[in-house]
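Below is one structure; the comments refer to it alone.
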Amino acid sequence: MDANHADQMSSAIDEAGLRRTASNHVEWKKDHEQYPRNWSSRRKFYDTGIIVFLEFYTTVISTTGPSAATVAKEEYHLSRVVALVAFTFMYQLGQSIGGLLMPPFSESFGRRKPYIYSCAAFSIGCLITGVVPSVAGVFVGRFISGFASSVPSVVLAGSIQDLYAGTHRVWMIMVWNSLTTLGLVVGPIYGSYIAHVLGWRWIYYTSAIVTAVTSLLLTAIRESRPTRLLSQKLGRLEEKYNKHLEPRDNPDAVPSGRALVEIVLLRPARLAVTEPIIILVSLLSATAWGLVYLFTESLTVVYSLYGWRETTTSLAFIAIGLGIPISILPRLWDVHVLSQKKRRNQQVKPEDKIHGFVIAAPVLAIGLWLFSWTIPPRVHTHWAVSMVGLVMIGFAANEFAYTLNGYLADSYTMYASSGLAVLASLRALVSGLMPLFAYPMFSGLGGNVAGSILAAVATLFCLTPIVFLRYGQSLRERSQFAKYSAEVNQQHGDA
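Taking the UniProt record's numbering, the leading residue of the sequence shown gets 1, the next gets one more, and so forth.
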C-alpha cells in the first residue's frame, strides 16, 4: 500500500470513529457519537423502552399458565398436574433450554436480530396455544413461547451494558428488573380475569397480537453490541482498501464451526460447572424467583380459606408488587457509593453494588416467617396482616434479581449473556417445577407448615451475603472469564 493510500485509509478509520493503537490494532474512539454509549437520549429511550417492554410482557404471559390451566383442564379433561405441565412447565422448560442455546448467539451475532426473531416466534407460539383445539397445541405452543422468551430475559442485560455506564446503568438495570418482577405480579391477575371473562384462549390471542406488533417495532432498533459494530466497520474498510484490519480484542470472533459450538454450547456449560460465583448466584436467584411462581398456585389455597373466589385470590399479588418500589432505597445508596468512589478516583468493584442483597436476604426470611404464621388454618388474623409479609417478599425477590443479575453482568461483562444464560436457565427450570408441588404442598401440609419450610431455606440464605463481600473479589481474580473481562474493561475505561 503506497503512502497516499495509507493516508486515505487512516483518514477513513478516523472518520468511522475508530483509532489505531500502539500495537497497530483498531478500536473504538470512546467519545465518538456512533459508539453506543454516546447515542442520543431519544435513540436510547426508544431501543431500551421496546426491549424492556418485551421482557415485561413476556413475563406477564409466563405467569398466566396456572390461570389458564384451571379453566382449560375441564375442557381437555386433564388432571391439575398435567394441565400445569402443559401451561406452565412446558413454557419454563422452553425458556430453560433457550436460555442456554439462544442468547449466547448475541455475543457473536449481535443483539438486534435475536430480539426481532424471538418476538415473532413468541407471537407464533401464543397463536398455536390458543388456536389449536387440543392439548398438544398447548404443549407445543407454550414450549415455543418459552424458548423465544429466553432471548430478552438474558440478552437485555448485555444491551444495557452496551448503552449505559456507571450511575445510568444502575438505574436502567433497576427499571428493567422492576418491570420484569412486576410482570410476574401482573400475570396471575391478567390471566385470571381474562380466562373467566373471555375464556382462557383469549389470554393467548391477545398476547399473539401484542407481540406481533412489538416485533414490527423492534425492526426500528439499532444493533448495540460494540464489538459487532466494530467488526462491521472494519469489514467495510477492508473491502474498500483491500487490507486486513485487526481489532484490539474480539471475543466475538468465530473462526470455525467448532468455535461456534464452543461459544454457544460449551461456554455456558463450562461457566455453570467451573465458576463458583455463577453457581451460587444462580441457585439463589432461581429459588427467590421460583417463589413467585410457587405463589401462583399456593395463594389460591391460602386465601380461599378466607372465602375468596379464584379471581379475587389473584389480587393478593398486588401486595407482592407493592414491595417492588422499595428497591429505590438501596439504589440511592448504590448511587451514593458510586459517587464517592468516582470522587476519590477509586475503582468500582462488583461487590460495591450488592448492598441491596445484604438487606434483601434477611428480609426474605422475615417476610416468609411472617406470612407463614399470619394465615389459616392454624392462625386466624385479618388477611391484611399476611399481606405485609408478601410486601417484604416482593421487595426481596426483586432485590435478589436486581443485585444478582447486576453482579454477574459487572463480573463477566464480556461474557454477560453466557453467564446470565446459566442463571436464567436454572431459574426457568425451578420456576416451572415450583407450581407443580405448590398446591399439594400447601393443601396437604397447610399454609403454616409449608410456608415455614420455605422460610427455613430463606434463613440459610442469610449467610450468603458474607460469602460475596468477603470472598467475591478473590473468586473473580481466580476466574479466567471474569479476569479477562476486568482487563478489557480497564483498557477501555469502562465503569
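We put the CB at the ideal spot given by N, CA and C, even for glycine.
Being a predicted model, the structure only gives us computed values, none of them experimental.
A distance below 6 Å between beta-carbons, with the five flanking residues on each side excluded, links S314 to the following residues of its chain, in chain order: P188, I189 and S192. Burial is judged here by how many other beta carbons sit within 10 angstroms of a residue's own beta carbon; F395 has at least 16 and is buried. For W176, the uninterrupted alpha helix (DSSP H) run begins and ends at G166 to V197, by DSSP.
Taking one beta carbon from each stretch, the stretch 155-175 and the stretch 408-423 have 3 or more pairs nearer than 8 Å; the two touch.
When only Cα atoms are considered, W171 and R331 end up about 7 Å apart. By the beta-carbon neighbour count (other beta carbons within 10 angstroms, threshold 16), D410 is buried. In this structure, I51 places its C-beta atom within 8 Å of the C-beta atom of Y115. Only residues of its own chain outside the window of five on either side were considered, and among them I354, G356 and F357 have a CB closer than 6 Å to the CB of T403, listed in chain order. Contact between the stretch 88-103 and the stretch 135-143 is present: three or more C-beta pairs spanning the two stretches fall below 8 Å. For E27, no alpha helix (DSSP H) encloses it; the enclosing beta strand (DSSP E) starts and ends at V26 to W28. Put simply, of R309, I375, R378 and W289 the residue whose alpha carbon is nearest the alpha carbon of G432 is W289. In this structure K240 is exposed. Its beta-carbon is surrounded by fewer than 16 other beta-carbon atoms within 10 angstroms. Cα atoms of V151 and K342: separation of roughly 34 Å, rounded to the nearest angstrom.
As the crow flies, the alpha-carbon of I279 is around 7 Å from that of V273. In the structure shown, R225 adopts coil according to DSSP, grouped into three states. In the displayed model, R20 falls within a strand according to three-state DSSP. Residues E55, F56, Y57, T58, T59, V60, S62 and T63 of the same chain have their beta carbon placed closer than 8 Å to that of G183, with the five preceding and five following residues left out of the count. A Cβ-Cβ distance of about 7 Å is found for the pair P377 and L305, placing them in contact under the 8 Å criterion. Around R80, the same chain offers K73 and Y439 as residues with beta carbons nearer than 7 Å, after the five sequence neighbours per side are excluded. Annotation for M174: S327, R331 and Y402 place their beta carbon closer than 7 Å to its own, counting only its chain and skipping 5 residues before and after. Taken through DSSP and simplified to helix, strand or coil, P377 comes out as coil. As far as DSSP is concerned, P133 takes part in no beta bridge. Between A286 and R470, the beta carbon gap of about 23 Å keeps them out of contact (Cβ cut-off 8 Å). R111 sits buried, since 16 or more C-beta atoms from the chains shown fall within 10 Å of its C-beta. Contact annotation: K30 and L18 have beta-carbon atoms that are not nearer than 8 Å.
With the rule of 3 Cβ pairs closer than 8 Å, the stretch 369-388 counts as touching the stretch 446-453. Apart from sequence neighbours up to five positions away, the residues of its chain that approach A195 with a beta-carbon distance below 7 Å are S67, A68, V71 and I203, ordered along the chain. Scanning I97, K349 and M9 for the CA closest to the CA of G235 turns up M9. As computed with DSSP, P247 is found in a beta bridge with V26.
When secondary structure is reduced to three states using DSSP, Y46 falls in the helix class.
Straight through space, the alpha carbons of L454 and S207 are spaced by roughly 33 Å. Judged by DSSP in its simplified three-state form, M441 adopts helix. Look at R344 here: in three-state DSSP terms it is coil, with no helix or strand label. Inclusion of Y407 and S485 in the CB contact set at 8 Å is not warranted, their separation being larger than that value. Check the Cα spacing between S298 and each of E33, A83 and M434: the tightest is with M434. Non-local C-beta neighbours of A316 in its own chain, meaning closer than 6 Å and more than five positions away in sequence, comprise L299 and Y303, ordered along the chain.
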